[in-house]
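S.K.:
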């Protein structure tokens, strides 16, 4: 059984059980052995390689030295790419494992209904679509009621503005018609002369 060298210093009053302390000690031991030690070794090797590369670059330039620096740079690039390759290879494997796990869960606990086996994103998008549809229906319903009085007011304003102009045109036409008719009666046609 592992214990802490000193009791926990938080003020929660919680005391971990001996089995929890033991699991915590095992976790720390695992992290030290399988995470921190390999990362430290990789970091140490990377620092050594970078130091050798820098020393090789600034050393007296010979053909052999340049080939060594080029090879060392290639090794550093390859070692830098390896973790990325592992991540890229693990992602599809993890995706297929997730899908297989989902399939197994579906066999053990089948669901029914329209929301069965739908993702949260799809359900959220459906809700968003319903909300947008409600907004569109409400807009289509209220827009004519809002627009009708505005259009009626604009009609009235346009009529009130156009009525005096129409009246002026009518009066001007009748004045011109009167003067034309008197001018026509006074003057004779060219054929009517003598």
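Residue numbers (the numbering used here): 774 to 967.
Ideal Cβ placement from N, Cα and C applies to all residues, glycine included.
Mind pulling the beta strand (DSSP E) runs of 3 or more residues that sit fully within the region 868-928?
M.R.: none
S.K.: On the DSSP letters alone, give me the boundaries of the alpha helix (DSSP H) that residue 788 sits inside.
M.R.: Note, residue 788: premise wrong, no alpha helix (DSSP H); not H, not E.
S.K.: Between which two residues does the alpha helix (DSSP H) carrying residue 806 extend?
M.R.: Where residue 806 is concerned, there is no enclosing alpha helix (DSSP H), given that its DSSP letter is neither H nor E.
S.K.: Suppose you measure from the CA of residue 945 to the CA of residue 933; what does that come to, to the nearest Å?
M.R.: Roughly 19 Å between the two C-alpha positions.
S.K.: At the level of alpha carbons, what is the spacing between residue 812 and residue 806?
M.R.: 10 Å
S.K.: In the structure shown, what three-state DSSP assignment does residue 832 receive?
M.R.: coil
S.K.: To which residues of the same chain is residue 822 closer than 8 Å at the C-beta, ignoring the five residues directly before and after it?
M.R.: 845, 848, 849 and 852
S.K.: Could you give the C-beta distance for residue 829 and residue 841, rounded to a whole number, given that I count them as a contact under 8 Å?
M.R.: Contact annotation, residue 829 with residue 841: C-beta distance approximately 6 Å; criterion of less than 8 Å satisfied.
S.K.: May I have the straight-line CA-CA distance separating residue 802 from residue 894, to the nearest angstrom?
M.R.: 40 Å
S.K.: Please classify residue 774 as buried or exposed, where buried requires at least 16 neighbouring CB atoms within 10 angstroms.
M.R.: Residue confidence is low: residue 774 scores 49 on pLDDT, short of 50, so the model does not pin down where it sits. Its coordinate-derived value is still stated next. Exposed.
S.K.: Residue 881 to residue 873, Cα distance in whole Å?
M.R.: Roughly 13 Å separates the two Cα atoms.
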